[in-house]
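Working notes for the structure below.
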Amino acid sequence: MSETPARQPSIGLFATCLVDLTRPSVGFAAAKLLEDAGCKVSVPGQQSCCGQPAYNSGDAADARAIAQTVIRVFEGFDYVVAPSGSCAGMIRHHYPALFENDAKWLARARALADKTHELTSFLVDVMKVDGLEADYDGVVTYHDSCSGLREMGVRDQPRALLGQVSGVALKEGEEREACCGFGGLFCVKYPDISGRMVDAKVDDILATGADTLLAGDLGCLMNIAGRLQRRGSDVRVRHVAEVLANMTDGPSLGEPGDESKK
Amino acid sequence: MKSTAANFEDNAEKALADDKLKAALSKLSEGFPAKRREAADRLPEFESLRDQARDIKSHVLANLDFYLEQFEARVVESGGTVHWCRTAAEARTTILRICRNAGAKTVTKSKSMIGEEIAINEHLEHHGVEPVETDLGEYIIQLRHEPPSHIIAPAIHLSKEQVADTFRKSHPHLAPERALEEPRALLEEARSELRQKFLAADVGLTGANMLIAETGSIALVTNEGNADLTYSLPKTHIAIASLEKIVPTLEDATTILRVLARSATGQDMSVYNTFCTGPKRAQDLDGPEDFHIVLLDNGRSKMLGGEFHDMLRCIRCGACLNHCPVYKSIGGHAYGWVYSGPMGAVLIPNLIGLDEAGHLPNASTLCGKCEDVCPMRIPLPRMLRSWRTQQFEAGKTAPLSRSLLRAWAFVTARPWLYRIMVAPAVSALAALGRKGGRFRRLPLAGGWTKHRDLPAPEGGTFVSRWNRGERPGEKKP
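Okay, structure coming up:
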């Protein structure tokens, strides 16, 4: 684990395409958490997707082109932080693999990989955040997303941060580390298998009796929220950053917007 | 066995609709993973044993020719014979020839995935030799004419009621009033049937969990002791094994045994661990008079040195199946060939071709659990992705997926284009969805909305809103 940076580090916030396009709140929450932790946050306009859909579909050439764009845009920052274990994992572990046979780009990919972090692990492991000022009145359960857990070592960090939020009670699910069945394009290519997997995940969440599901990856959250709601559950679903940043006024995932709220 | 891997989607659909299978799989997923976890936690050096086991097999694969030749020399010294077979057909012919030379009418058989791979039972039956499976699970599925659905628990897809049914149909002497509700009763029924078969068999056919180069021995691992009766009672013992099963020394074999059972069933050791070396010697009280090893390549040597080289470390423990959320949803038969789960999805295309088995590497979320529990630390997700890359580069990805993917890649590699093109579409969707908060149905999103709602986008894109200076505050107290 690195030392807490002495000076205000510059952060390139890689919002991820899902946050950028579907849930800007998560981006604002991530930025606030980073600023509160003492970072200088920039959100480069020249960002889109990390290239994982192409990479995991076997389209290595396009994944490389996207990776080169991301490397160019983000290599000038002290750190790159993403509110996603999956996209951060893509940059950290798979960008270098993409440039195995290209020494020049490999060096740049590795340099970017070394300073790329998932949000909650960055806050805890690098910025040593302690004493968040947030409250959330609810019983929450946490889903460990696969890439965050197994590629980026994210497990204790979000829980440590949630421990600093007043009012939160954490009820863990037995199968919190099981895949939710999202898997990027997997969920639309094999909808029935994915459906069975997310059903198992929903059963596990409901068994905890929690009223809120949190996780650090929007892909999983959209998948689980969609299934919870299809099954008529009123468990609220949010990205963990929203709770940590005390930004839970807006609707949770899939909840009707403000104007239709009571 | 004839592959149905090309029909993976239909196979999976059928499996998902099967409630008995669902119940059986939920038992599996409650049992094996927890037992493995406990076994691993009980042994402080478990993780370092995994490293050692991986290193042993990596070393073997880098020196495979040396160890195979050493193994053969030791087998010959001990009075046995090694038959080198390039293909499944060669192995079948060899085994049938040995059976005929032994004048065999029946062959008892202990569980062997290589036996499944070369479809030896069908071949023997076709030529008038009766094969009798002696592993309880294999015996059950042989009666049902089904392939195994799991590499270590071949009948895991069945309930005990289904097994009782099968026995009543297949054992004509079985009295109708005989109770078969308890697993114990089922076991006793199978045992009494099999005892006669063991004694009558002319040839015993086993697999081999390992081949030990320094002694020319084979290792047999079971929980039922059936392999021991299979190889020691008949006059002829044939062991079939693929060539990557080799390990250098007995010491190496025991290291692998220590991770094998823990990874497979959560036992510290399997119940029966036997090393067989050569035929019966003059001073031995029992054992076969003839000892044959059928060494099968069947595509393995092509994997050496390539992208799937590491797959040859696999010791067939089944941990990747037990922990795979896809396997736990659809079971083993849906994969459509001998192997299943993550190891099957990597191995099967190597053995029967990517055209036939192209679905298998795609039917994974790449969640990484398999690599996490693999005792040999095989990078299964990386290899699943390698198959996808081969498909894509050969133009074999479905045309619609391919065009959509390439379009998305084209746009996202040019963030300015992404801003102009994607943002307005998302805003429109946000406007449509604001009131309900989510969509139950949406054109072109049927794959998603079949089982789940789609949360509506909030509106605007984060990057543009941030760079316009928008800074929403904390919630109001």
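For the record, the sequence lines run as chains R and A. The numbering of the first sequence is the working numbering, which starts it at 1 and goes up by one. The numbering of the second sequence is the working numbering, which starts it at 1 and goes up by one. Yeah, the Cβ is synthetic: ideal placement off N, Cα and C, and Gly gets one too.
The beta carbon of L34 (chain R) lies closer than 6 Å to those of I11 and V41 in the same chain, with the five residues before and after it left out.
Chain-order list of chain R residues neighbouring T4 (chain A): empty, with the shortest C-beta distance near 16 Å, by a criterion of under 7 Å. Below the 7 Å Cβ cutoff, chain R contributes S48 as neighbours of Y418 (chain A), in chain order.
Taking the CA atoms as reference points, V80 (chain R) sits about 60 Å from L187 (chain A). Contact of T120 (chain R) with chain A by beta-carbon distance below 9 Å is absent, the smallest such distance being about 18 Å.
Taking a C-beta distance under 8 Å as the contact criterion, A88 (chain R) and Q47 (chain R) do not qualify as a contact pair. Going by C-alpha positions, G225 (chain A) is about 26 Å away from P172 (chain A). The beta carbon of A225 (chain R) lies closer than 7 Å to those of V237, L253 and G254 in the same chain, with the five residues before and after it left out.
Burial is judged here by how many other beta carbons sit within 10 angstroms of a residue's own beta carbon; P183 (chain A) has fewer than 16 and is exposed. DSSP places L206 (chain R) in no beta strand (DSSP E) but in the uninterrupted alpha helix (DSSP H) bounded by P191 to T208. Distance from the Cα of I330 (chain A) is smallest, within the candidate group A:T254, A:N11, A:T4 and A:K2, for A:N11. The Cβ-Cβ distance between E371 (chain A) and L380 (chain A) falls below 8 Å. Annotation for L442 (chain A): T449 and L454 place their beta carbon closer than 7 Å to its own, counting only its chain and skipping 5 residues before and after.
Per DSSP, W105 (chain R) is one residue of the alpha helix (DSSP H) stretching across A103 to D114. Using a 10 angstroms sphere on the CB of S26 (chain A), the tally of other CB atoms stays under 16, which defines it as exposed. When Cβ-Cβ separations below 8 Å define contact, V346 (chain A) makes no contact with chain R. Taken atom to atom, the span from the alpha-carbon of A82 (chain R) to that of P415 (chain A) is near 17 Å.
Listed by position along chain A, the residues whose Cβ is nearer than 7 Å to that of Y142 (chain R) form an empty set, because the closest Cβ is around 17 Å away. Nearest neighbour of A107 (chain R) by Cα position, chosen from R:N246, R:Q68 and R:A37, turns out to be R:Q68. The segment 209 to 221 of chain R makes contact with the segment 140 to 159 of chain R, as at least three CB pairs between them are under 8 Å. For F32 (chain A), the closest Cβ of chain R is not nearer than 8 Å.
Within 7 Å of the CB of I330 (chain A), the CB atoms of chain R belong to I193, in sequence order along the chain.
Using a Cβ distance threshold of 8 Å, L206 (chain R) and S233 (chain R) count as a contacting pair. Each of A:L180, A:P424 and A:R97 was checked against the Cα of A164 (chain A), and the nearest Cα belongs to A:L180.
According to the DSSP assignment, C85 (chain A) belongs to the beta strand (DSSP E) that extends over T81 to C85. Nearest to K197 (chain A) by alpha-carbon distance, out of A:H451, A:G395, A:E130 and A:R468, is A:E130. Listed in chain order, the non-local C-beta contacts of A319 (chain A) below 7 Å within the same chain comprise R36, S263, A264, V373, C374 and P375, local neighbours out to five positions each way being set aside. At least 8 Å separates the beta-carbon of I315 (chain A) from that of Y335 (chain A).
The Cβ neighbour count for L432 (chain A), taken over all protein chains shown within 10 Å, is under 16; the residue is labelled exposed. Contact check for G163 (chain R) against V154 (chain R) fails: the beta carbons are separated by 8 Å or more. Residue-level contact check: V373 (chain A) does not touch chain R, since none of the beta carbons of chain R fall below 8 Å from its beta carbon.
Cβ neighbours of E77 (chain A) within its own chain (closer than 6 Å, five residues either side excluded): none. Pairing H323 (chain A) with K369 (chain A), the inter-Cα distance amounts to about 7 Å. Within the same chain, and ignoring the five residues on either side of M90 (chain R) in sequence, the residues whose Cβ sits closer than 6 Å to its Cβ are C50 and Q52.
Taking all protein chains in view, the Cβ of A345 (chain A) is crowded by 16 or more other Cβ atoms within 10 Å, so the residue is classified as buried. As DSSP reads the structure, I212 (chain A) sits in a beta bridge with A:S217 and A:V247.
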